[in-house]
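In case it helps, UniProt numbering puts the sequence shown at residues 1 to 362. All C-beta atoms, glycine included, are put in the ideal place defined by N, C-alpha and C. The structure displayed is predicted, hence computed values, not measured ones. Below is one structure, written out as structure tokens; comments come after it.
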Amino acid sequence: MTDKKSSLSDVRERIDTIDQQIQQLISERAGWAQEVARVKGEGLSAIDYYRPEREAHVLRMVVDRNHGPLSDAEMVRLFREIMSSCLAQEDPLKVGFLGPEGTFSEQAVRKHFGHAAYGLPLGSIEEVFQEVAAGHADFGVVPVENSGQGMIQVTLDMFLTSDATICGEVELRVHQCLHSMSGKLEDIKRVYAHAQSLQQCKTWLRINLPGVECIGVSSNAEAARLARHADDAGAIAGETAGRVYGLKTVAQAIEDRADNTTRFLVIGRSLFPPSGNDRTSLLITVNDKPGALYDVLSPFAKHGLSLNRIESRPAHSGKWQYAFFIDVSGHVHDAPMQAAMQEMGSAAAQVRVLGSYPVALP
């Protein structure tokens, strides 16, 4: 027994020593971050220091060095927070997202920018684009795709009229919960949720709450806010929203697909250099002639570039005219990408680079 106590004491002492070393190194890193600011010059804001390609490179090295016992995702999260705090010493980044507080969009902001960034909850996806364009937000985070429900059309449509540039992407595992004031399933007569969440949970709702009215609202956090004021209402939202609005959890993980994941885009006003593992998003309109889309896409295959995704939307430039949103592996500054885009030639009526950005990390 004495040996065990002595051994535990030794382990705790060793942990205390390591904690001290970690703290010293974090402080040293923060000091060097201040040196970067000094070298770049005075009068600059956080957005002038933020380099997503450099950050992605650093975090990939974290993953490469990791041999456990913490997962890659946990190690990335820890280093992301250190980097976020170092960047925010002078002036934190301002990041707009679909609010109110407690949405999955806010979780995506924290995953990508860390908790030292200043989150700006906004009323709609359109408003996120507008605030970034006006310079009131340095960046914005908007949902673009769900693994089960497909593309978020309002986000794609905003790129038809907005000059926003895609600077990054975030993949977030989405676990839906049912919350209410009482925490009892039998008390629920109606359920509030974002339309996407209602679709993601439709099988669970049909089996467990047959006949209950389902009401779509602007966000899941808004659903939680509404449920807070009604004893007979439930809300589908994440754990964070339920906690923020003082609700009790009725059921967890009610999404129909276990791999339910939402992809978010980080939008800004600048195109950043290559990070070494990038994706490029293009907006292309084609001339109305046989084989036009083939002529646009074939140069990518010729130069060994993988098409990750292609979506079509009405182009808003005329009846029955369509714009194609295309995701391609690689950066627009890479030689193969440059060659492929040059070979498109007159096959494309218009080509706009929406952004080249690091592929999402764990």
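When the Cβ atoms of the stretch 164–171 are set against those of the stretch 180–198, are three or more pairs found closer than 8 Å?
no
Burial state of residue 364 (16 or more Cβ within 10 Å):
With the chain running from 1 to 362 in the structure shown, residue 364 is simply not present.
Local conformation of His112 per DSSP, three classes
helix
Starting from Arg60, follow the alpha helix (DSSP H) in both directions and report where the run begins and ends.
Pro52 to Arg65
Between the CA atoms of Val128 and Gln149 - distance to the nearest angstrom:
22 Å
Separation of Leu8 from Met1, as counted between CA atoms:
Confidence at Met1 is low in this model, with a pLDDT of 44, below 50, so the placement of that residue should be treated as unreliable; the coordinate-derived value is given next. Distance between the alpha carbons of Met1 and Leu8: 11 Å.
Suppose the cutoff is 8 Å on Cβ atoms and the five residues either side in sequence are ignored; what does the same chain contact list for Thr155 look like?
Ile125, Val142, Pro143, Val144 and Leu265
If you follow the alpha helix (DSSP H) that Pro299 is part of, which residue opens it and which one closes it?
Ala292 to Lys302
Keeping to the same chain, check which residues put their C-beta closer than 8 Å to that of Pro362; ignore five residues upstream and five downstream.
Val63, Ser71, Asp72, Ala73 and Val76
Are Leu93 and Ala46 closer than 7 Å when you measure CB to CB?
yes
Tell me the residue span of the alpha helix (DSSP H) that contains Asn208.
Lys202 to Asn208
State the start and end residues of the unbroken beta strand (DSSP E) segment that holds Gln350.
Ala348 to Pro358
Would you report the Cα separation of Leu87 and Tyr50, rounded to the nearest angstrom?
7 Å
In whole angstroms, what is the alpha-carbon distance linking residue 363 and Val109?
Any question about residue 363 goes unanswered here, given that the chain covers just 1 to 362.
Might you give, ordered along the chain, the residues of its own chain that have their beta carbon closer than 6 Å to the beta carbon of Gly140, omitting 5 neighbours on each side?
Gly96, Val128, Val132 and Ile267
Touch check for the stretch 22–40 and the stretch 225–245: three-plus C-beta pairs under 8 Å?
no
In its own chain, which residues sit with a C-beta less than 8 Å from the C-beta of Arg14, not counting the 5 before and 5 after it?
none
Going by the beta-carbon positions, is the gap between Thr262 and Val174 smaller than 7 Å?
yes
Option nearest Glu35 by Cα separation, candidates Gly355, Asp334 and Glu90:
Glu90
Check whether the stretch 283–299 touches the stretch 209–223, taking contact to mean three or more Cβ pairs, one atom from each stretch, closer than 8 Å.
no
Taking 6 Å as the cut-off, is the CB of Ala137 close to at least one heavy atom of the ligand COA?
In the structure shown, the ligand COA is absent, as is every other ligand, since no ligand is present at all.
Since residue 392 sits in a beta bridge, which residues does DSSP pair it with?
Past the edges of the chain, shown from 1 to 362, lies residue 392, and the structure says nothing about it.
According to DSSP, is Thr2 helix, strand or coil?
Low per-residue confidence applies at Thr2: pLDDT is 46, beneath 50, and the placement is therefore not dependable enough to give any value.
Nearest to Glu171 by CA position, among Val58, Met181, Lys111 and Ala233, is which residue?
Lys111
So Asn260 packs on Arg279, CB below 8 Å; how close in whole Å?
That pair is no contact at about 22 Å.
When we look at the beta-carbon of Val286 and count the other beta-carbons within 10 Å, is it buried (16 or more) or exposed?
buried
Of the residues Ile207, Leu297 and Cys214, the one placed nearest Ile236, counting alpha carbons only:
Cys214
Distance, Trp204 Cα to Pro210 Cα
9 Å
Using the three-state DSSP reduction, which class does Glu118 fall into: helix, strand or coil?
Note on residue identity: the sequence assigns Tyr, not Glu, to residue 118. Of the three classes helix, strand and coil, the one that applies to Tyr118 here is strand, per DSSP.
Can you tell me whether DSSP reads Met75 as helix, strand or coil?
helix
Neighbourhood of Glu55 by C-beta distance below 7 Å, restricted to the same chain and skipping five residues each side:
Met83
Whole-angstrom Cβ separation of Ile284 and Ala323, contact assumed at under 8 Å?
7 Å
My output table needs one value for Glu222: the three-state DSSP class, helix, strand or coil.
helix
Is Glu255 buried or exposed, if buried means 16 or more other CB atoms sit within 10 Å of its CB?
buried
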